[in-house]
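Everything on this sheet refers to the single structure shown next.
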Amino acid sequence: MLDKIPGPTGSLPLVTIAEARTVAASDGAMSTLLGWVESYLMRDHPDLGRTGAVCPFTRQAAKIDTVRLAISSADAANEEEAFALIRRAFSELEKIPCKAGMKHFRTVIVGFPNCSDDEGVAMLQRVQARHKFYSLSRFRMIGFMHAGNEAPGLWNPAFRPLRAPLPVLAIRHLVEQDAPFAARHPLLLAPFLIKFRFDGAKRILAYWRAQKT
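All residue numbers for the sequence shown refer to full-length UniProt numbering, where the first residue is 1 and numbers rise by one.
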């Protein structure tokens, strides 16, 4: 059975990877989103600057079935609906069934095929910004990927890891492996250290030392 998230046109199917493969057969946007998740996020890349998948978190989450995908029909004129959808997605994240000790692998990935223009991208950037403190106060991460994303890679500044064939907002738990992000983003640093304390601080220091070599 599919979970439902209120969306711009009523309800939005939130599906597992396996269910997404069935949906993708008749839904081009879901096919694009699923293809990006499986062939990009979950695989290695020659320009990444390190070994392993572009997003090791997503690959592991997929293995234990804690990834949920959705497609929203929202466009640039639907900011409040998109905001409500993403706010609801934070709640849905906590409902994803998983084994004890695996809650931190829960993730929700929502594609917005009607927001590929400049206005749509700007709208989703505002939705992400409006959730910044909401997510950090709950030790959650909210990421925004789109075709023109210029954010540099952590290990190869020339690489653009946050590019996607359609605009995507993704929500997941803050994990210890996010130390490089916390080291580079002051707003994230405090929640990271509060949550992971000494072990988190060691990871931050290790990252800083690696950057100096």
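We put the CB at the ideal spot given by N, CA and C, even for glycine.
- TRP208 counts as exposed, since fewer than 16 other C-beta atoms from the protein chains shown sit within 10 angstroms of its C-beta.
- Taking all protein chains shown into account, HIS131 has 16 or more neighbouring C-beta atoms within 10 Å of its C-beta and is therefore buried.
- Here DSSP, grouped into helix, strand and coil, assigns ARG184 to helix.
- Among the bridge pairs identified by DSSP, MET141 is matched with ARG172.
- Rounded to whole angstroms, the gap between the alpha carbons of ALA210 and ASP75 is 42 Å.
- Counting only runs that start and end inside the stretch 35–113, the beta strand (DSSP E) elements of at least 3 residues fall at 67–71 and 107–111.
- ASP27 and LEU69 have their C-alpha atoms spaced approximately 13 Å apart.
- Proximity to LEU187 across TYR134, ARG43, ASP118 and GLU81 peaks at TYR134, based on C-alpha coordinates.
- A distance of 9 Å or more separates the beta carbons of LEU85 and THR58.
- Apart from sequence neighbours up to five positions away, the residues of its chain that approach ARG21 with a beta-carbon distance below 7 Å are LEU34, ordered along the chain.
- At least 9 Å separates the beta-carbon of ASP44 from that of PHE159.
- At the C-beta level, ARG106 and ARG172 come within 9 Å of one another.
- The residue among THR32, GLY52, VAL108 and ALA77 with its C-alpha nearest the C-alpha of ASP65 is VAL108.
- Segment contact: the stretch 90–97 against the stretch 145–165, fewer than three CB-CB distances shorter than 8 Å; contact not assigned.
- Between the alpha carbons of ALA62 and VAL15 lies a distance of about 12 Å.
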